Each structure stands twice: as C-alpha cells, then as structure tokens.
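In the numbering used here, the protein residues as written are 78 to 339.
Where is the CB? At the ideal position from N, CA and C, for every residue including glycine.
Note that the coordinates shown come from a computational prediction; the quantities given were computed from them, not determined experimentally.
Take a look at the structure:
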C-alpha cells in the first residue's frame, strides 16, 4: 500500500521536531553541566608582539587576587564575574584592552593588550610620563623603559590632569609624532621633540643637526622638503656640517653651519 506523500512529509516533520527537542535538551544539560564546572585555572595571555613589558601574567593575577572578594579557583563557572575581571585588569595604567572568557574544560582566559607609547613626556617640573597612540597619558614603569622619542620644553601639563592629553602643546606634539610615525624615515630619525615658549617645535634627529619645524602645520610639505634635502643636498656633504636646519621659510631651507665648518 502506498503511503500518501502528505503523510510522509508529516512523519518527517514530526521526526525532525522530536530530534530538535532531544538536541536542545542535551545541549541545555551540557550547558548546565559546564556552568556548574569548577574553575581549574586562570590562564593569562599578554600581547608582547610590540616589545612592551609593562605588565606580565604575575601582575595580572596579583591584581585580580587583591581586588576580587573571593578566589577564582574552584568557583563554579557560572559565578565567575567576567565583566568585573575585565574592569579590574583595565584599572592597570598599562593595560589597553582586556578580554576574559571561559573554555569548555574549566579554564578562565584573561587576554591583555598593553598600551603602546609613542613618546615620553618630561614637563617643566621634571615629571616623566608616557603618551600613547590613543593620546592617553600613563606613568613610567619602575623597571621597564620603552625606547620612544622624548618630548621636552614648554610643557606644564602633569600626569594627574586627566587621562588624555589636555594642553595645546601636547596635542600639537601628538599630531607631529603621529604624522612622523607614518614614515619609516622620520620614525627612525626622531630622537627628541622640543616645544619652545612661542609654540615653535624643533626636533633632534638621530643623525644631523636640530631641525626647526615651526608650528604644527603644513607637516607634509615641510618634511617632504627636508627629505629632498637629505637625499639630494646632503648627498654631497657631511650630515654633521649643519647645527640647525630651519624649515619655517617658504620654498627654502635655511641652514646654520657648525663653527668647525665655517
């Protein structure tokens, strides 16, 4: 006897629905089992690809231990305060991002991305702190020193004045450094950036004399002009011939020779 097509479709639908219910029940039971699983370990991963060593796994574990009310080990996974843990890690002045998640075997993973400084600031009072690529300020580390350009001169802003840079001097310094970092040449050359009382910026390159940039404007044309001078003008003379290279004049570069070359 032939079974009607409609009946076959109905039976298939019922079977599929029953299978779905069973799978959902099994999945729910598995999730409940995982939620009740005790925490076996806290595994900390630190992003060190950029060469930073401001914070390590021991620092993160100690920070969590000192801040959270209860120990994480052996706690049921459903009671792990994931959002709170991320906030605790981000309370470190050296942490830029924090991601906390649980795996299927009872481990808590804490992944941390460190801040990436672009400059070390030394203000007029001799206070040192870093400025990162997001314009945030954070303190120097007691044991690790990051090799980045130094910004000095007419800077009054302290570390405690907000989390991000506030003054026009530092905002302009940030703009200059971020622009110079887009070029392999200038990123490699920039050793120190100085801001004068009149708002004029000068930078000390690793090779050659002090370069007067002027105000933080027309950076592309100024640095293109300097690059041309480096590649063509200094090709025929010594890089140490000049004590100052002034880019503030339109369509020209004014150089001051060192006394030994006069």
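CB contact flag (residue i, residue j, <8 Å)
i: residue 321; j: residue 281; result: no
i: residue 198; j: residue 228; result: yes
i: residue 132; j: residue 164; result: no
i: residue 214; j: residue 242; result: yes
i: residue 262; j: residue 297; result: no
i: residue 219; j: residue 236; result: no
i: residue 189; j: residue 175; result: yes
i: residue 276; j: residue 292; result: yes
i: residue 119; j: residue 149; result: yes
Residue i to residue j span [Cα, whole Å]
i: residue 178; j: residue 162; result: 10 Å
i: residue 326; j: residue 306; result: 14 Å
i: residue 224; j: residue 258; result: 14 Å
i: residue 129; j: residue 122; result: 13 Å
i: residue 240; j: residue 191; result: 16 Å
i: residue 203; j: residue 157; result: 44 Å
i: residue 230; j: residue 271; result: 5 Å
i: residue 256; j: residue 266; result: 13 Å
i: residue 146; j: residue 140; result: 12 Å
i: residue 308; j: residue 283; result: 16 Å
i: residue 268; j: residue 136; result: 31 Å
i: residue 117; j: residue 183; result: 5 Å
i: residue 329; j: residue 279; result: 17 Å
i: residue 335; j: residue 310; result: 17 Å
i: residue 323; j: residue 300; result: 11 Å
i: residue 170; j: residue 210; result: 14 Å
i: residue 333; j: residue 273; result: 19 Å
i: residue 103; j: residue 159; result: Note that residue 103 scores a pLDDT of 47, beneath 50, so its modelled location is shaky; the value from the coordinates is reported in the next line. Residue 103 and residue 159: Cα-Cα distance of roughly 26 Å.
i: residue 113; j: residue 143; result: 25 Å
Residue i burial status per 10 Å Cβ neighbour count (16 or more: buried)
i: residue 264; result: exposed
i: residue 194; result: buried
i: residue 226; result: buried
i: residue 285; result: buried
i: residue 167; result: exposed
i: residue 245; result: exposed
i: residue 200; result: buried
i: residue 107; result: At residue 107 the pLDDT is 47, less than 50, meaning the model places this residue with poor confidence and gives no usable figure here.
i: residue 124; result: exposed
i: residue 331; result: exposed
i: residue 250; result: buried
i: residue 181; result: exposed
i: residue 238; result: exposed
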